[in-house]
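See structure below.
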Amino acid sequence: MKIVLGILCLILCCFAGYLISAKYKDRLNFYLDFKNFNDNLKKEISFSQKTIKQILLEKQQNNSIFYTLISKNILSNENPTNKELYFLTKNEIDEVLTYITNVGNSDKNSQLTYLNNFESILNEKVNVVKEEEKKYKNLYIKIGFLIGLMLLIAFL
Amino acid sequence: MMKLNFLPENYVQALSFLDINKIFQIRVRENYPVLIYYLNEILYLTNEGASKKETNSIIATKKDISFILDVLTEKSIYAFNEQIKNGYISYKNGIRVGLCGECVIDNGQVVTIKNVSSLNIRIPHNVNNCSFNIFNKLLKEEVQNVLIVSPVFCGKTTILKDVALKLNENYNESILIIDERQEFSTITGKNIDKIVNCTKEYAFNYALRSLSPEIIITDELTSYNDFSFVKSAIECGIKVIASCHADDMKSLFNKEFFIKNLFNKYVLLDSYKKFGIIKAVYNKDGKEI
């Protein structure tokens, strides 16, 4: 019985570690989608001049947090809440909100300048977030495993 | 049924009490009552529909104007800036929204309009058979070069749209519509080609080189260049049916940019708010026939 309980604790602790590390995975996916949207928009503004709505409808990505948030803003005028962006810091949330407010809101040349500036910010951000994800994902799973192992030993 | 879902909800709700087929214009001016051009009347939009009295009228706010612009441009100003700097935005079904605000000038050119304070929403209507008389008198036997002349708001575009449909039905000739402002968006047919959203200069050059039209239909000749493009098309054997703003033949012939002897016939429409009624037809010398 003790062994079973100990193993259960080990599994639960590993799972908890995984859940905590999921925040870093969400951050990475969010910034990858953000970068992808920015690149797409730049391309579309340069050539076809499609509206953001048309771009979003063509590239529907239901599993993407970023696409869901920007779609909500463009299609139904709703701003993302802090809860939806739990994996971002306050400054990062402000940055995202500023982007969503300004995107599409000026002529072609000003938009391209704005998107180009954001491209370099996003490239840097994606690199940092990738590093964070690599570092913390394994770390939290390892910590979870170690705590679980300690509990297992304690039970025994 | 035409939808006006780019308007704020309270406007849509108020308009639902009215017959949309009778609305020709909606004027939205910041801090002033919303006006509806309803058949031959100008009415105030109220929560219960429309009224001749200003009391209980819906007052347009800055927020309303921003909302309308956001929906019209789908929050993508860059995609509409060419239209915006020319003072309008085209919407679905040929709806055209005129903009009034502060022009932003760069190097002597208007680059955009900001702080938009009023909107003139023009709602087009296809009036079936409104060109019946013009078509039967001037175009049924053979297609001629015809210029439709009238002051604003007399239905020149509506007539041109109906003429396009009649020519499409009655002739097996290639018709090119040069549609600078997406006003002909509802007009289609087996013989109809359309160049949309471009200048007359581009469209005429492009058409002469690659589309081989037999008939060209275009709206609002407003400059010497416009008349010159028409002239080169006519010299190439293309028939042109166009429109031009003028009160009467005298003011048309006195326009600096007007080129004589281009059109075989001139059709003068009756004045303000009598849509598509012919006042007189003139020959190429300006004599009434």
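The listed protein sequences correspond, in order, to chains A and B.
Under the working numbering, the residue at position 116 of the first sequence is numbered 116, and the numbers go up by one with no gaps.
Under the working numbering, the residue at position 54 of the second sequence is numbered 210, and the numbers go up by one with no gaps.
Beta carbons are placed, not taken as given, at the ideal position from N, Cα and C, and that holds for glycine.
Remember, it's a predicted structure, so these values are computed and weren't measured experimentally.
Within chain B, the residues that residue i reaches when beta carbons sit closer than 9 Å
i, result
"A/I45", "S232, Y234 and A235"
"A/G104", "T229, E230, K231, S232, I233, Y234 and A235"
"A/K53", "E230, K231 and S232"
"A/K50", "S232 and A235"
Distance between beta carbons of residue j and residue i, contact taken as under 8 Å
i, j, result
"B/T314", "B/P280", "7 Å"
"A/L88", "A/R27", "7 Å"
"B/C259", "B/V253", "The pair is not a contact, with the Cβ atoms about 17 Å apart (cut-off 8 Å)."
"B/L377", "B/C400", "5 Å"
"B/I371", "B/I351", "B/I371 to B/I351, Cβ: 14 Å. No contact."
"B/L316", "B/I397", "7 Å"
"A/N40", "A/I55", "6 Å"
"B/D441", "B/L424", "No, B/D441 and B/L424 are not in contact; Cβ-Cβ is about 15 Å, not under 8 Å."
"A/G182", "A/L152", "A query on residue 182 of chain A cannot be resolved here, the shown segment of chain A reaching from 1 to 156 and no further."
"A/I52", "B/S368", "Between B/S368 and A/I52 the Cβ distance is about 38 Å, and since that is not below 8 Å, they are no contact."
"B/L255", "B/V272", "5 Å"
"A/E159", "A/Y24", "This structure does not reach residue 159 of chain A, given that chain A is present from 1 up to 156, and the question cannot be answered."
Nearest residue (CA-CA) to residue i, options the options
i, options, result
"A/I158", "A/L28, A/M1 and A/L115", "Residue 158 of chain A lies beyond the range of chain A shown here (1 to 156); nothing can be said about it."
"B/D349", "B/I373, B/L275, B/R337 and B/N361", "B/I373"
"B/Q338", "B/E370, B/Y247 and B/Y380", "B/Y247"
"A/L97", "A/D107, A/S120, A/N73 and A/N109", "A/N73"
"B/L530", "B/K395, B/E376 and B/R183", "Lying before the first or after the last residue shown, residue 530 of chain B is absent from chain B, which here runs from 157 to 445."
"B/G393", "B/I415, B/F419 and B/F413", "B/F419"
"B/L303", "B/I192, B/Y193, B/P164 and B/K387", "B/K387"
"B/L201", "B/K219, B/I224, B/V227 and B/F173", "B/F173"
"B/P307", "B/A402, B/F385 and B/D335", "B/A402"
"B/N187", "B/L160, B/D220 and B/V168", "B/D220"
"B/P164", "B/D226, B/Y244 and B/A235", "B/D226"
"B/L275", "B/K416, B/R183, B/L408 and B/K208", "B/R183"
"A/F34", "A/L8, A/Y140 and A/E95", "A/E95"
"B/I277", "B/F309, B/N301 and B/N263", "B/F309"
"B/L323", "B/S341, B/G345 and B/E336", "B/G345"
"B/V283", "B/K440, B/I390 and B/F180", "B/F180"
"B/I434", "B/G442, B/Y422 and B/K440", "B/Y422"
"B/F413", "B/K440, B/F383 and B/V190", "B/F383"
"B/L195", "B/G311, B/L321 and B/I251", "B/G311"
"B/N289", "B/K440, B/A436 and B/K416", "B/A436"
"A/K125", "A/N91, A/I147 and A/L152", "A/N91"
"B/R185", "B/I269, B/A216 and B/Q169", "B/A216"
"A/N77", "B/A235, B/Q239, B/I224 and B/F236", "B/I224"
"B/K218", "B/L424, B/G442, B/G243 and B/G257", "B/G257"
"A/Y67", "A/F30, A/L5, A/K134 and A/K43", "A/F30"
"B/C286", "B/Y362, B/K231, B/V168 and B/A320", "B/A320"
"A/I65", "A/S46, A/T81 and A/I52", "A/T81"
"B/N249", "B/F340, B/K356, B/G264 and B/Y362", "B/F340"
"B/P189", "B/N271, B/Y358, B/E391 and B/I214", "B/I214"
"A/K42", "A/E84, A/K2 and A/N117", "A/N117"
"B/S222", "A/K142, A/E132, A/N105 and A/I121", "A/N105"
"A/K50", "B/N301, B/N237, B/N177 and B/E329", "B/N237"
"A/F37", "A/L75, A/K108 and A/E119", "A/E119"
"B/Q300", "B/N161, B/N417, B/I176 and B/K159", "B/N417"
Chain B residues whose Cβ lies nearer than 7 Å to that of residue i
i, result
"A/T68", "None at all; the shortest Cβ gap to chain B is about 16 Å."
"A/Q111", "Y234"
"A/K72", "Chain B residues near A/K72: none, gap ~12 Å exceeds 7 Å."
"A/K125", "Correct list: empty, because the minimum Cβ distance to chain B is about 24 Å."
Residue(s) in a DSSP beta bridge with residue i
i, result
"B/K421", "B/V302 and B/N439"
"B/C256", "B/S274"
"B/I269", "B/C259"
"B/A206", "B/L201"
"B/Q169", "DSSP, once it has assigned bridges, lists no residue as partnering B/Q169."
"B/R185", "B/S274"
"B/Y244", "B/G254"
"B/I233", "None, per the DSSP bridge assignment."
"B/Y194", "B/I179 and B/E197"
"B/S213", "B/T202"
"B/I434", "B/L425"
"B/E444", "B/Y438"
Residues that residue i contacts on chain B, provided the C-beta gap is smaller than 8 Å
i, result
"A/D107", "I233, Y234, N237, V267 and T268"
(message) For a minimum of 3 consecutive residues, which ranges assigned as the beta strand (DSSP E) are wholly contained in the segment 322-407 of chain B?
(response) The segment 322-407 of chain B contains these whole beta strand (DSSP E) runs: 331-335, 348-352, 371-374 and 395-401.
(message) Restricting to runs no shorter than 4 residues, where is the alpha helix (DSSP H) found entirely within the segment 75-106 of chain A?
(response) You should have 90-102.
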